[in-house]
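2 protein chains.
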Amino acid sequence: MSSPGSGSRRVTLADVAAFAGVSLATASKALNGRGDVRDATRERVRVAAERLGFEFNTLAQGLSAGRSGTVGMLTSDLVGRFSLPILMGAEDAFGAGQLSVFLCDARGDSIREQHHIRALLRRQIDGFIVVGNSTDPRPPLSLDAEVPVVYAYAPSTSDEDISVAVDDVAAGRRAVEHLVQMGRRRIAHIGGDSAFAAARDRAAGVTVGLEEASLPLGAGGRPHYGSWSESWGRTAARVVLELDPDVDSLVCANDQIARGAMEVVQQSGRGVPDDIAVIGFDNWEVLTADSAPPLTSLDLNLEGLGQRAAQLLVAAIEGAPSPGRHTVEPRLVVRESTGLTSHRR
Amino acid sequence: MSSPGSGSRRVTLADVAAFAGVSLATASKALNGRGDVRDATRERVRVAAERLGFEFNTLAQGLSAGRSGTVGMLTSDLVGRFSLPILMGAEDAFGAGQLSVFLCDARGDSIREQHHIRALLRRQIDGFIVVGNSTDPRPPLSLDAEVPVVYAYAPSTSDEDISVAVDDVAAGRRAVEHLVQMGRRRIAHIGGDSAFAAARDRAAGVTVGLEEASLPLGAGGRPHYGSWSESWGRTAARVVLELDPDVDSLVCANDQIARGAMEVVQQSGRGVPDDIAVIGFDNWEVLTADSAPPLTSLDLNLEGLGQRAAQLLVAAIEGAPSPGRHTVEPRLVVRESTGLTSHRR
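Same order as they appear, the protein sequences are chains L and A. Mind the numbering: the first sequence is residues 1 to 345 in our numbering, read in order. Mind the numbering: the second sequence is residues 346 to 690 in our numbering, read in order.
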């Protein structure tokens with residue numbers, strides 16, 4: 001049996017509680033120095049935490065006295081697609097139950113945004129994380145108060161601000177790299193709405209990946225831009241199959257497009273992945289995990305983005321801001337749509 | 346030069362109206378986003394409000410003096426599917442920019458929940474809306490303070506609490522009523538995971554609807570329960586088509602199941618809706634609006650639920666609580682999957 005905590009899995013409070021033979025509530029109270037816990041119990045929990053290498057509230061404990069331990073998150077993401085994972089990532093970085101993140105819904109409306117900012121400032125929050133609804137840069141908040149701000153997902157247009165963005169270029173490049181590794185050689189790209197930076201950046205990454213592999217872009221040598229929808233995926237896949245019947249893989253700029261494209265490929269009598277591999281972006285699990293076949297996708301690591309935003313915010317609160325645009329690495333999630341084994345070698 | 350409103354006197358709506366050169370009523374309508382105000386006027390008022398630093402009367406003008414105008418929302422909905430629409434509905438009920446809702450992520454963890462409650466109480470919030478991650482009843486919060494709470498989506502197990510729930514029975518009944526109106530007579534039901542109240546309630550509603558139409562339930566006379574996934578929709582549709590090849594419609598307990606079922610129906614050479622109509626629940630637009638064909642679905646009206654929760658919470662804050670379980674009416678969203686014209690008359 002391996003020693004406790006020796007694996008790569010992160011040690012949780014539940015592990016500590018089990019090791020110490022106490023309830024989760026008791027373990028939490030003991031480590032927080034709160035509540036009526038007997039000294040002997042508290043000591044047992046502390047020893048358990050130490051043995052297991054449990055990292056409790058690293059970030060929040062780093063906060064100086066006098067901080068409120070509360071961060072405001074302003075989102076303009078109406079569907080919650082981006083903000084909830086970012087919120088969870090931030091909370092994880094702060095440490096379970098150590099710091100509160102209050103999320104407010106600004107809906108991309110500057111008056112509403114100002115209202116929420118004032119309401120949060122009146123409640124002595126230590127800083128803001130501002131989550132955009134696209135990856136396009138946004139103008140900085142106008143704040144009267146000297147409160148640190150980190151821009152997440154949509155970076156600030158100002159380099160003097162602290163921003164954390166996804167790396168769509170790296171994601172596009174990674175998609176191609178994966179397809180090439182799987183033996184694909186004739187790769188086409190179905191893009192999203194080219195008015196969005198995300199569509200252009202993903203296409204740019206695809207181009208870089210193909211250059212590195214010394215391969216041309218299939219289906220006319222250009223990305224097929226359109227919209228972010230399933231129906232665009234269907235339409236574009238028909239165009240691509242018509243233009244280039246020998247295409248062996250489709251890089252689709254999001255999971256909706258990939259779902260639509262996969263449907264049309266299958267209706268044309270071709271198999272996914274046997275004849276054509278399909279790959280999406282975002283790894284929105286409701287679309288990717290349970291399709292037939294399940295869809296390979298580039299996960300843009302929004303929880304990691306939330307964690308990074310939290311770390312940068314705490315540093316800024318403590319007087320050590322790191323201005324500029326930081327990025328998080330995307331993560332390739334391989335499923336059957338690109339073939340689990342090598343193809344056409 | 347000091348900017349207008351820089352003194353200690355609080356900026357009033359009258360100041361904004363005067364600055365913008367409009368009547369008080371127009372200023373109010375413009376800022377609330379209500380009524381017929383010309384865009385140019387609305388913009389002038391918004392600019393005036395922003396310039397003056399006008400804070401739209403904390404909550405709701407309905408709230409007594411001494412209230413903070415802030416409500417806490419605790420959610421355990423990790424995907425944000427339910428909580429974001431409910432948050433938006435609540436904010437709309439309070440009036441644009443009238444009241445701040447701070448959302449905290451409790452993840453169904455009681456320690457985390459307690460932590461957030463304490464953090465919110467320290468900031469003088471007026472009340473809580475607690476959003477569950479399923480429609481199954483949940484135990485009441487343990488609160489030390491006397492702060493009103495409204496349970497939304499997951500009702501409280503106690504009838505002394507104020508709860509707002511979706512009406513899944515009404516939704517199931519409405520689904521059948523719609524299919525019958527469209528001329529369908531052989532209706533099968535693919536259920537979700539029967540461990541969830543939502544699956545049982547939707548099936549109960551289907552039964553009520555069929556009884557009202559004096560029709561039997563197709564495909565073996567029982568709901569086919571399974572899970573909430575697309576793959577269950579595919580599996581169950583195969584079973585249903587095998588058991589009852591003459592079935593003319595499928596009521597699927599959520600949109601994922603409906604998407605999977607629709608795929609198998611089409612692969613079997615049958616048309617949707619020509620041969621078989623398909624209907625889902627939740628109206629999750631990423632799944633319903635852009636499928637081929639677009640999917641009819643029962644929208645459980647989560648924004649309406651948020652609005653109702655906000656109204657009940659304000660009443661409770663003002664000393665007029667309405668304990669018990671309140672419900673919101675579902676809304677049928679008809680798309681092509683059930684046929685826009687009458688069928689098989």
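C-beta: ideal position from N, C-alpha, C; glycine also.
Opening and closing residue of the beta strand (DSSP E) in which residue i lies
| i | result |
| --- | --- |
| residue 620(A) | That residue, residue 620(A), is in no beta strand (DSSP E); it is neither H nor E in DSSP. |
| residue 70(L) | 70-75 |
| residue 490(A) | Per DSSP, residue 490(A) belongs to no beta strand (DSSP E) and is neither H nor E. |
| residue 165(L) | 162-166 |
| residue 125(L) | Segment: none, residue 125(L) is in no beta strand (DSSP E) and carries neither H nor E. |
| residue 325(L) | 324-328 |
| residue 644(A) | 641-644 |
| residue 265(L) | Counting along the chain, residue 265(L) falls outside any beta strand (DSSP E), though it belongs to the alpha helix (DSSP H) covering 255-267. |
| residue 251(L) | 249-252 |
Within chain L, the residues that residue i reaches when beta carbons sit closer than 9 Å
| i | result |
| --- | --- |
| residue 387(A) | Under the 9 Å cutoff, chain L gives no residues; its nearest Cβ is about 11 Å from residue 387(A). |
| residue 594(A) | Correct list: empty, because the minimum Cβ distance to chain L is about 22 Å. |
| residue 527(A) | Per Cβ cutoff of 9 Å: no residues; residue 527(A) is ~24 Å from chain L at best. |
Rounded distance between the beta-carbons of residue j and residue i, thought under 8 Å
| i | j | result |
| --- | --- | --- |
| residue 105(L) | residue 436(A) | 6 Å |
| residue 456(A) | residue 486(A) | 13 Å between Cβ atoms; not a contact. |
| residue 603(A) | residue 643(A) | No, residue 603(A) and residue 643(A) are not in contact; Cβ-Cβ is about 10 Å, not under 8 Å. |
| residue 515(A) | residue 630(A) | With 8 Å as the limit, residue 515(A) and residue 630(A) do not qualify as a contact, their Cβ atoms being about 21 Å apart. |
| residue 691(A) | residue 585(A) | No answer is possible for residue 691(A): it lies beyond the span of chain A, which begins at 346 and ends at 690. |
Beta-carbon neighbours of residue i, restricted to chain L and to distances below 7 Å
| i | result |
| --- | --- |
| residue 607(A) | Here the premise fails: no neighbours, minimum Cβ distance about 11 Å. |
| residue 436(A) | 105 |
| residue 415(A) | 119 |
Proximal chain A residues relative to residue i, where beta-carbon distance stays under 8 Å
| i | result |
| --- | --- |
| residue 76(L) | Within chain A, no residue comes near residue 76(L); the closest Cβ sits about 12 Å away, beyond 8 Å. |
| residue 290(L) | 574, 575, 576, 601, 605 |
| residue 241(L) | Simply none; closest approach about 16 Å. |
| residue 295(L) | Chain A residues near residue 295(L): none, gap ~11 Å exceeds 8 Å. |
Minimum Cβ-Cβ distance from residue i to chain A less than 8 Å
| i | result |
| --- | --- |
| residue 332(L) | no |
| residue 57(L) | Unreliable placement is indicated for residue 57(L), whose pLDDT of 45 sits below 50; the coordinate value is still reported in the next sentence. Not an interface residue. |
| residue 62(L) | Any reading at residue 62(L) is ruled out, since the residue's pLDDT is 48, under 50, leaving its predicted position unreliable. |
| residue 87(L) | yes |
| residue 208(L) | no |
| residue 286(L) | yes |
| residue 314(L) | no |
Closer than 8 Å at the beta carbon, the chain L residues around residue i
| i | result |
| --- | --- |
| residue 534(A) | Residues of chain L passing the Cβ test: none, with the nearest at roughly 20 Å. |
| residue 449(A) | 100, 101, 102, 103 |
| residue 395(A) | 110, 111, 114 |
Neighbour list for residue i in chain A, Cβ cutoff strictly below 7 Å
| i | result |
| --- | --- |
| residue 116(L) | 445 |
| residue 234(L) | 637 |
For residue i, the first and last residue of its enclosing alpha helix (DSSP H)
| i | result |
| --- | --- |
| residue 115(L) | 110-122 |
| residue 206(L) | 197-212 |
| residue 239(L) | 230-243 |
| residue 102(L) | Note, residue 102(L): premise wrong, no alpha helix (DSSP H); beta strand (DSSP E) at 100-105. |
| residue 44(L) | 39-52 |
| residue 437(A) | 428-439 |
| residue 286(L) | 285-288 |
Short CB-CB distance (under 8 Å) between residue i and chain L
| i | result |
| --- | --- |
| residue 644(A) | no |
| residue 688(A) | Residue confidence for residue 688(A) is low, a pLDDT of 45 falling below 50, so the modelled location carries little weight and cannot support an answer. |
| residue 354(A) | For residue 354(A), the pLDDT reaches just 48, beneath the cut-off of 50, and the residue's location in the model is therefore unreliable, although a value from the coordinates is still provided. Residue 354(A) does not count as touching chain L. |
| residue 391(A) | yes |
| residue 499(A) | no |
| residue 375(A) | no |
| residue 681(A) | no |
| residue 383(A) | no |
Beta-ladder partner(s) of residue i, from DSSP
| i | result |
| --- | --- |
| residue 562(A) | 532(A) |
| residue 677(A) | 643(A) |
| residue 224(L) | 190(L) |
| residue 495(A) | 474(A), 507(A) |
| residue 501(A) | 483(A) |
Quiz prompt | Positions along the region 452-477 of chain A whose CB lies within less than 7 Å of some CB in chain C | solution = Among the protein chains of the structure shown, namely L and A, there is no chain C.
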